[in-house]
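Quick note, in this note's numbering, the sequence shown goes up one by one and the last residue is 324. Quick reminder that beta carbons are idealized off the backbone N, C-alpha and C, glycines included. As the structure is a computational prediction, the values presented were derived from the model and not from experiment. Read through the structure below, which is laid out as structure tokens, and then see the notes.
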Amino acid sequence: MHTQHPGTEFDVIVVGGSYAGLSAAMQLARARRRILVIDAGQRRNRYAQHSHGFLGQDGREAAAIAADGRAQLMKYPTVRWIEGSARQAQRLEQGFRVTLHDGAVYNAQRLVLATGVVDELPPVPGLAERWGGTVFHCPYCHGYELMEGRIGVLATGPLSMHHAMMLPDWGQVTLILNGVFEPDAEQLASLERRGVAIERTPVKAITGHATVELRDGRSLEMAGLFVVSRTHSGSPLAEQLGCGMEQGPMGMYVRTDAMKATSVAGVYVCGDAARMAGSVALAAADGTLAGVAAHQSLIFGASAAAA
């Protein structure tokens, strides 16, 4: 039986307390609205010690940026924070209802979903253990720190060409095809112009700092590796509500308009859940937009993004 907790009527429920969710909640808190933030504590970049490329925060610990954001948010008296996982969201005649895994139920006039995505890595032994440490997906976030050393691009498909063409600006690049992708003649010529080496021998494992052990016994010592992950939504809520989706190059994401409104009036999605690809800076900006839009919709009425 679901439990209706006292004081569960909010103006806005924000699901997800990472960079996008914190930014959305901040705008709403500063508008003196009653906000509930529900957070399961699973930041996408929790595997990376440091965050880069975010103005004013470059090189800081990723966890510290999020912790500072939460501490600043919680100074506003209209904000409540619950550590938990939202398992269901539904539309009501007026507003929305969110149910947590423990059965607790909370209602609000608007929803902001900042639930992020989950990265799926290729099943190469040793790869997942180094994710965020010496294995990355964003050159802008991690390329500079490799100090123009040797960089491996572990192919997962045609999209890995994009990585291989970009990364020579950060170091000496080898595209490791691993039997999943073969560049055509035009692509090979482009890679050659960028000085990218090609390795066709399949990978046995990743060891050491970022050493690529090949099946023929050779080893490629790298300063770091880049891989294009597949992504899927970090939460079922947007699909439960019927929000329109888009197929991106790395996976599905929620379709939104310029102000982060979804196809369901009153529901806003921000951060990586609503982008083909993202970063801390983009997530924070997205959250700001979503928070402002959700607040204004409480005054002027909510509209849905065009289908």
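- prompt: Apart from the five residues on each side of it in sequence, which residues of its chain come closer than 6 Å, Cβ to Cβ, to M18?
  reply: Residue placement at M18 is poorly supported in this model, since its pLDDT is 42, which falls under 50; the coordinates are not used for a value here.
field: Proximity to V122 [Cα-Cα], best of G133, V129, R104
entry: Minimum Cα distance to V122 is reached at R104.
query: In whole angstroms, what is the alpha-carbon distance linking S314 and P200?
result: Rounded to the nearest whole angstrom, the C-alpha separation of S314 and P200 is 49 Å.
Beta bridge counterpart(s) of W187 as assigned by DSSP: Paired residue(s): none; W187 is not in a bridge.
Beta-carbon proximity of L306 to M276, cut-off 8 Å: yes
- prompt: Going by other Cβ atoms of all chains shown within 10 Å of its Cβ, with 16 needed for buried, is D75 buried or exposed?
  reply: exposed
query: Given that a residue counts as buried once 16 or more other Cβ atoms are within 10 Å of its Cβ, and exposed if not, what is P328?
result: In the structure as shown, the chain starts at 18 and stops at 324, and residue 328 therefore has no counterpart that could be examined.
query: Distance, Cα to Cα, A310 vs R60?
result: 24 Å
task: Please classify A206: does DSSP put it in a helix, a strand, or coil?
output: helix
query: Using the beta-carbon count (16 or more within 10 Å), is I223 buried or exposed?
result: So I223 ends up on the buried side.
- request: For the alpha helix (DSSP H) holding L306, just list the boundary residues, first then last.
  value: 297 to 317
- prompt: Cα-Cα, which of L176, H179, G188 is closest to G166?
  reply: G188
query: Which residue comes first and which comes last in the alpha helix (DSSP H) that contains Y157?
result: 156 to 159
task: For R292, count neighbouring Cβ atoms within 10 angstroms of its own Cβ and tell me buried if that reaches 16, exposed if not.
output: buried
task: Could you pull out every residue in the same chain whose Cβ sits closer than 6 Å to the Cβ of A319, ignoring the five residues on either side in sequence?
output: A282, G283.
query: What runs of the alpha helix (DSSP H), each 4 residues or longer, lie entirely inside the segment 210 to 282?
result: 254 to 257
Simplified DSSP assignment, three categories, for G73: Of the three classes helix, strand and coil, the one that applies to G73 here is coil, per DSSP.
- prompt: For G133, which option in L258, P253, P139, S280 has the closest C-alpha, if you only look at C-alpha atoms?
  reply: P253
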